[in-house]
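Q: Using my numbering, the letters of the sequence shown map in sequence onto residues 317 to 728.
Yeah, the Cβ is synthetic: ideal placement off N, Cα and C, and Gly gets one too.
Keep in mind the model is a prediction, meaning the values are calculated, not measured.
The structure follows.
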Amino acid sequence: MMLGFLLARAGVEVVVLEKHGDFLRDFRGDTIHPSTLEVIYELGLIEDFLARPHQEIREFSGQIGEETIPLVDLTHLPTHCKFLGFMPQWDFLDFVAEQAKAYPTFRLIMQAEVTDLIVKGNSIAGVKAQTPDGEIEVRATLVLGCDGRKSIVRELADLHVESLGAPIDVLWFRVTRKPDDPSQVLGRFVPGKIMVMLNRDQYWQCAYVIRKGALEEVKRRGLEAFRADIVSIAPFLKDRVSEIQDWEPIKLLTVLVDRLRKWYRPGLLCIGDAAHAMSPVGGVGINLAIQDAVAAANILARPLLENYVSLSHLQKVQWRREFPTRVTQWGQVQVQERIFSSVLSTQQNFRTPWFLRLFKKFPVLRRIPARLIGIGVRPEHVKTPDVLNPPPPYRAPQDASSFWDLFSFLPW
Ligand SMILES: Cc1cc2nc3c(=O)[nH]c(=O)nc-3n(C[C@H](O)[C@H](O)[C@H](O)COP(=O)(O)OP(=O)(O)OC[C@H]3O[C@@H](n4cnc5c(N)ncnc54)[C@H](O)[C@@H]3O)c2cc1C
């Protein structure tokens, strides 16, 4: 959606196909990172954006056993917004779609599920999509696969996927939130259990981490045991866990970490999770997908306007974004394997690791994870023009003279 908006804003004709009828997918993350907020600022939309219901989080803690450790302090970031915004992703997508619709070259077709690629010679020339009114064909100079970690586009394009493995899955459910509940913490870690709780105002969106494939085991132990596990991590939920009456509202979210070896082929490019599925660790996947979109728009807007996109243009996008992807995924895999796996496999009380204790003593250390989570590696900046609001034409100051004016005494 962001890439569609940026390209349409630069005057490129864009069609966005979305398979669902709305963006109300419960599993989406909620985080709008300072670097994404910076992009919104650069687009001149920050005031409108912040006028929408959202929460702002400036500091984060982690709860390890009984101890609360302040881990992240975003207030020193070199960005206009020194906080992490929390806004349900459907509201964020509605906002971006609304902005994009102001541009005459933007078209969004909902309930259009891409089912096939149109191939012409060696190149991808468009897609076929199923809609309530039957199949449609959309022909395009470039197909952008932004269809997430189970991308059909990358599968049909036969792009090679390298899996980095993920030892965890997530159970996703809601519990009512009360005004006097403790404030948001990054994660709660007790022996054998991890839970992240996102404040969605009226309710807590809970992400309960389990070992990969352990759902059947959790179910075998029964709902009563599951509710007791939740209370042992977040005791203040004791009066509300009875809201979980059966397994139906508890959704299993399979965690994947993978990336494409090559993100493109003639006429097609994948970005976001379609190019590199991100783990929920650090909640940085949305941010990375948006940074991909900004980089892709910066590199591709002009070639698309000229209706000529070469392989080297597509390669440039991968070169630009592959390094941040690799570094971020490396960090996520380390946290999954070294922290999440060991917490889930122990039943013994553990002490807070020494290096995390340092975060309590030296607040300056909290700026390091703030930088990694809030801005990430190689932040992108909007360089594409806005056809509706072009910058005023450059005018030289009245008294400026050109270099050649110096020679005006000569007879020519
Ligand atoms: C449990 C979990 C929690 C997470 N929490 C966070 C978080 O808090 N913060 C964060 O930054 N990241 C989080 N992530 C990662 C984040 O969700 C992804 O990295 C991010 O959403 C990727 O964005 P995307 O636009 O590439 O793909 P997606 O957000 O998956 O969007 C893909 C879109 O394509 C559409 N689509 C799919 N197939 C088709 C088709 N055939 N035709 C047409 N449309 C199609 C989908 O409906 C969807 O709208 C989490 C991941 C998991 C698994």
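Leaving out five residues before and five after residue 451 in sequence, what residues of the same chain have Cβ atoms less than 8 Å from its Cβ?
A: Correct list, in chain order: 431, 444, 445.
Q: One question on the structure: do residue 467 and residue 582 come within less than 7 Å of each other, judged by their Cβ atoms?
A: No.
Q: Start and end of the beta strand (DSSP E) containing residue 339?
A: It is not in any beta strand (DSSP E) - residue 339 carries neither H nor E in the DSSP assignment.
Q: Is DSSP giving residue 678 helix, strand or coil here?
A: Correct three-state label for residue 678: coil.
Q: Regarding residue 566 and ligand 1, is the C-beta to nearest heavy atom distance less than 6 Å?
A: Every heavy atom of ligand 1 is 6 Å or more from the Cβ of residue 566, so no.
Q: Can you name, in chain order, every residue of its own chain whose Cβ lies under 8 Å from the Cβ of residue 632, other than the five neighbours on each side?
A: Same-chain partners within the cutoff: 615.
Q: In whole angstroms, what separates the C-alpha of residue 662 from that of residue 527?
A: Taking the straight line joining both Cα atoms gives about 12 Å.
Q: At the level of alpha carbons, what is the spacing between residue 585 and residue 492?
A: Roughly 41 Å separates the two Cα atoms.
Q: Give me, in chain order, the residues of the same chain whose beta-carbon lies closer than 7 Å to that of residue 577; leave out the 5 immediate sequence neighbours on both sides.
A: So the qualifying residues of the chain are 476, 478.
Q: What is the residue span of the alpha helix (DSSP H) that residue 473 lies within?
A: No alpha helix (DSSP H) contains residue 473, which DSSP labels as neither H nor E.
Q: Kindly examine ligand 1 and report whether one of its heavy atoms sits closer than 6 Å to the Cβ of residue 603.
A: Within the cutoff, so yes.
Q: Can you tell me which residues form a DSSP beta bridge with residue 521?
A: DSSP lists 490, 514 as partners of residue 521.
Q: Return the CA-CA distance between residue 351 and residue 374, expressed in angstroms with no decimal places.
A: About 14 Å.
Q: By a C-beta neighbour count over all protein chains shown, 10 Å radius and 16 as the cutoff for buried, is residue 418 buried or exposed?
A: Looking at its Cβ environment, which holds fewer than 16 other Cβ atoms inside 10 Å, residue 418 is exposed.
Q: Straight-line CA distance for residue 331 to residue 425?
A: Answer to the nearest angstrom: the Cα atoms are 7 Å apart.
Q: What residues in its chain sit with their C-beta under 6 Å from that of residue 690, if we drop five residues either side in the sequence?
A: These residues qualify, in order along the chain: 349, 350, 390, 393.
Q: Please say whether residue 593 and residue 574 have beta carbons closer to each other than 7 Å?
A: Against a cut-off of 7 Å, the Cβ pair of residue 593 and residue 574 comes out as a contact.
Q: State the Cα-Cα distance for the pair residue 654 and residue 434, rounded to the nearest angstrom.
A: Distance between the alpha carbons of residue 654 and residue 434: 44 Å.
Q: Looking at ligand 1, does it come within less than 6 Å of residue 336, judged from the CB to the closest heavy atom?
A: Flag set: Cβ of residue 336 near ligand 1.
Q: For residue 667 and residue 565, I'd like the C-alpha separation in whole angstroms.
A: Cα-Cα distance, rounded: 34 Å.
Q: Looking at residue 511 and ligand 1, is the gap between the Cβ and the nearest heavy atom below 6 Å?
A: Residue 511: no, Cβ never under 6 Å from ligand 1.
Q: Could you check whether the segment 457-464 touches the segment 481-496, counting it as contact only if at least three pairs of C-beta atoms, one from each stretch, sit closer than 8 Å?
A: As far as the Cβ criterion goes, the segment 457-464 does not touch the segment 481-496, which means the pair count is below three.
Q: Between which residues of its own chain and residue 716 is the CB-CB distance below 7 Å, once the five residues before and five after are set aside?
A: Confidence in residue 716 is poor, its pLDDT being 49 and thus under 50, which makes the residue's placement unreliable; the coordinate value appears in the next sentence. Cβ neighbours of residue 716 beyond the five flanking positions: none.
Q: Roughly how many angstroms separate the alpha carbons of residue 643 and residue 599, rounded to a whole number?
A: Distance between the alpha carbons of residue 643 and residue 599: 15 Å.
Q: Between which two residues does the alpha helix (DSSP H) harbouring residue 386 extend?
A: It is not in any alpha helix (DSSP H) - residue 386 instead sits in the beta strand (DSSP E) that spans 383-389.
Q: Go ahead and pull the three-state DSSP assignment for residue 716.
A: Below a pLDDT of 50, predicted positions are generally treated as unreliable, and residue 716, at 49, falls in that range; no measurement from the model is reported.
Q: Relative to the C-alpha of residue 518, which candidate in 499, 503, 494, 327 has its C-alpha closest?
A: Among 499, 503, 494, 327, the Cα nearest to that of residue 518 belongs to 494.
Q: Is residue 606 near residue 318, with beta carbons less than 7 Å apart?
A: Yes, the pair counts as a contact, with Cβ atoms nearer than the cut-off.
Q: In whole angstroms, give me the CA-to-CA distance for residue 370 and residue 406.
A: Cα to Cα, the separation comes out at about 12 Å.
Q: Between residue 403 and residue 516, what straight-line distance do the alpha-carbon atoms span, to the nearest angstrom?
A: Approximately 8 Å, taken between the alpha carbons.
Q: Give the DSSP-derived three-state secondary structure of residue 668 in the structure shown.
A: DSSP places residue 668 in coil when its eight states are reduced to three.
Q: Below 8 Å on the Cβ atoms is my guess for residue 379 versus residue 504; work out the distance and round it to an integer in Å.
A: Going by Cβ atoms, the distance from residue 379 to residue 504 rounds to 5 Å, so yes, they are a contact pair.
Q: For the alpha helix (DSSP H) that residue 645 lies in, which residues bound it at each end?
A: First-last of the alpha helix (DSSP H) with residue 645: 627-650.
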